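Trainee: The following block contains the structure, expressed as structure tokens.
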Amino acid sequence: MNRVVKEVTISHCIKSWEQKTGKKISEEEHVSFICNIPLIEKLDQSINTLEKCKRLSLSTNRIEKFVPMPGLKNIEILSIGRNCIKKLQFLEDISGTLKQLWISYNNIDKLDNLQSLKNLQVLYLFHNKIKCLEEIDKLNTLPELIELGLKGNPIYEGRTNEYMKLVILKKLPQLKVVDNETITEKQRNDALTIEVI
């Protein structure tokens with residue numbers, strides 16, 4: 001006997017949460033579906049019901065892509081690490097409020113579609129698929145960015161962590177924290193003269 005297994009969407013999780021709690025999820029400021037059982041495979045338009053949500057935690061699921069998110073009018077922190085995301089998209093919908101994007105342990109190889117995130121301060125991209133140093137240059141459009149995590153990406157292969165920290169700092173001198181380490185004055189000075197290869 002074959003059982004047809006339906007794709008688990010965020011819509012299922014929202015309905016289940018509201019049934020269990022007796023509350024309206026649209027009133028919640030922190031919504032967490034971390035390691036949801038069963039795992040969330042797909043975002044859908046029901047994500048836009050999270051109108052008051054400031055922190056949305058969707059880590060450790062099987063989400064493959066973003067959907068338009070114009071309803072997330074108050075989102076400040078989006079945690080979506082340990083999923084299957086390959087492409088950054090639809091982030092302009094939340095660009096006015098998003099301050100932190102935690103998207104480590106995914107399959108991202110390009111840092112496109114981030115330029116609208118003018119208020120972004122923290123960007124965690126640990127353990128993705130970023131191979132080219134030129135991708136870091138795309139983050140120059142983020143004036144408020146002060147913390148960046150990139151360790152565990154292919155761009156580190158054959159390079160020391162300290163060298164990469166200095167290269168990142170040379171490209172993005174406004175950073176205060178790189179790979180979870182506070183930048184020292186010496187590192188800031190060393191970054192000025194580092195040769196990028």
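The numbering of the sequence shown is UniProt numbering, which starts it at 1 and goes up by one. For each residue, glycine too, the CB sits at the ideal point set by N, CA and C. Remember, predicted model here, so these are calculated numbers, not experimental data.
1) Determine the burial state of ILE37: buried for a count of at least 16 other Cβ atoms within 10 Å of its Cβ, exposed for fewer.
2) Since ILE77 is in the beta strand (DSSP E), which residue starts that stretch and which ends it?
3) Going by beta-carbon coordinates alone, are PRO68 and ASP109 separated by less than 9 Å?
4) How close, in whole Å, do the beta carbons of GLY152 and TYR124 come, if the pair is a contact with beta carbons under 8 Å?
5) Would GLY71 pass as a contact of SER104 if the rule is Cβ separation under 9 Å?
6) Out of curiosity, what's the CA-to-CA distance linking ILE183 and ILE136?
7) Can you check DSSP and say which residues form a bridge with SER32?
8) Classify LEU192: buried if its beta carbon has 16 or more other beta carbons within 10 angstroms, exposed otherwise.
9) Going by the CB atoms, is the gap between THR21 and LYS42 shorter than 9 Å?
10) Determine whether the beta carbon atoms of LYS87 and LYS65 lie at a separation below 9 Å.
11) Does the beta carbon of GLU147 sit closer than 9 Å to a beta carbon anywhere in chain B?
12) How is the alpha helix (DSSP H) around VAL196 delimited, first residue to last?
13) If you draw a straight line from the C-alpha of LEU145 to the C-alpha of ILE130, how long is it?
14) Quick one: what's got a C-beta closer than 6 Å to PRO154's C-beta in the same chain, skipping five residues either side?
15) Is DSSP giving LEU148 helix, strand or coil here?
16) Give every residue of the same chain whose Cβ lies closer than 6 Å to the Cβ of LYS54, excluding the five residues on either side of it in the sequence, and list them in chain order.
17) Output the distance between the C-alpha atoms of LYS15 and LYS24, rounded to the nearest integer angstrom.
18) In whole angstroms, what separates the C-alpha of THR49 from that of ASN107?
Mentor: Short version:
1) exposed
2) 77 to 79
3) no
4) Contact doesn't hold; Cβ gap of about 11 Å is too wide.
5) Judged by their CB atoms, GLY71 and SER104 are not nearer to each other than the 9 Å cut-off.
6) 17 Å
7) Assignment of beta-bridge partners to SER32 by DSSP yields SER57.
8) Exposed: under 16 other Cβ atoms inside 10 Å.
9) no
10) yes
11) In summary, chain B is missing from the structure at hand, where a single protein chain is found.
12) Where VAL196 is concerned, there is no enclosing alpha helix (DSSP H), given that its DSSP letter is neither H nor E.
13) 19 Å
14) LYS131
15) strand
16) GLU29, ASN74 and GLU76
17) Per the coordinates, the alpha-carbon of LYS15 lies some 9 Å from the alpha-carbon of LYS24.
18) 27 Å
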